[in-house]
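Asker:
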Amino acid sequence: MTFETDIFSQFNNKWALLTAGSAEHFNTMTISWGGLGTLWNKPVATVYVRTSRYTYEFMEDSDYFTVSFYPDSCKKTLGVLGSRSGRDMDKIHNSGLTAKALEEGVTFEEAEVTLVCRKLMKQPLQTEAMPADVQNSFYNGDAEHVMFIGEVVDILS
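In the numbering used here, the protein residues as written are 1 to 157.
1) Do you know whose CA, among I155, V146, V152, C74, lies nearest T51's CA?
2) If I measure Cβ to Cβ from Y64 and keep anything under 7 Å in the same chain, skipping five residues before and after, which residues do I get?
3) For C117, which residues does DSSP report across the bridge?
4) Write down the C-beta distance between T19 and T66 rounded to the nearest angstrom, noting that I regard them as a contact closer than 8 Å.
5) Between which two residues does the alpha helix (DSSP H) carrying A111 extend?
6) Exposed or buried, which one is F148 when buried takes at least 16 other CB atoms within 10 Å?
7) Hey, how far is the Cα of A132 from the Cα of F138?
8) Bridge partners for T19 per DSSP, in chain order?
9) Would DSSP call G35 helix, strand or coil?
10) So what does A129 bridge to, in DSSP terms?
11) When you compare each of V47, Q123, D72 to E110 by their alpha carbons, which one comes out closest?
12) Classify T55 as buried or exposed, calling it buried when 16 or more other Cβ atoms lie within 10 Å of its own Cβ.
13) Using 10 angstroms around the beta-carbon of S68, count the other beta-carbons present and answer buried if the total reaches 16, otherwise exposed.
14) With a CB to CB cut of under 7 Å and the five nearest residues on each side skipped, what residues in its chain are close to T127?
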C-alpha cells in the first residue's frame with residue numbers, strides 16, 4: 001500500500017473528493033483541507049467538514065469514508081461538487097463522474113487514487129482556541145468544522 005505525492009499541493013491545489021455513505025445512498029464534496037500521516041501506529045487521513053454540509057450527515061453515520069484524487073481535467077467538476085449541495089440536486093448525476101461501489105464506501109471511476117478510510121475518531125474544532133485572524137477569516141458566522149481521522153485501510157489506483 002503506497003501513495004507518493006506532494007501532499008501539500010495535492011489537497012491545496014488539486015483538491016479531492018470526500019465521499020461517505022453506502023452505494024445506495026451517499027454524498028460527496030470537494031475538499032482542499034486535509035492531511036496524511038501516522039497516528040496510533042496507523043496510516044491516517046484527516047479531513048474537515050463543516051456541520052452545515054450535507055456530507056457531514058453521511059460522515060456521522062458511516063464507519064468508512066473515501067478520499068479520492070483526480071487528474072487536472074476534472075478540476076471544473078470538482079469545483080461544482082464543492083459548491084452545490086446534494087440536498088438540493090443530484091449532483092453526482094450532473095457531474096459526469098461514474099460512482100463506483102467498494103466493499104466499504106464509494107469512489108468514482110475517474111479517480112487517479114482513492115484512500116479507503118475506517119473512521120477512528122471525530123473532534124469538533126474549537127474556534128475559541130484559534131487565533132483571532134483565523135476565527136475572523138474562516139468562522140465569521142459560518143458553521144464550525146469537525147475533524148475526522150480515518151485509518152487508511154486501502155489505496156486504490
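Where a beta carbon is used, it is the ideal one built from N, C-alpha and C, also for glycine.
Answerer: On the basis of the data shown:
1) Ranking I155, V146, V152, C74 by Cα distance to T51 puts V146 first.
2) Cβ-Cβ distances below 7 Å link Y64 to E104, G105, V116, C117, R118, K119 in the same chain, with the five nearest sequence neighbours on each side left out; the list follows chain order.
3) F65, V152.
4) In this structure T19 is in contact with T66, their Cβ atoms being roughly 5 Å apart against a cut-off of 8 Å.
5) Element bounds for A111: n/a, residue is neither H nor E.
6) With 16 or more other Cβ atoms inside 10 Å of its own Cβ, F148 counts as buried.
7) Distance between the alpha carbons of A132 and F138: 10 Å.
8) Note: T19 sits in a beta bridge opposite T28, T66.
9) In this structure, G35 counts as strand in the three-state DSSP scheme.
10) According to DSSP, which records beta bridges pairwise, A129 is partnered with nothing at all.
11) Closest option to E110, Cα to Cα, is D72.
12) Buried: at least 16 other Cβ atoms inside 10 Å.
13) Here S68 is buried. Its C-beta has 16 or more other C-beta atoms within 10 Å.
14) Hits under 7 Å: Q135, Y139, E144.
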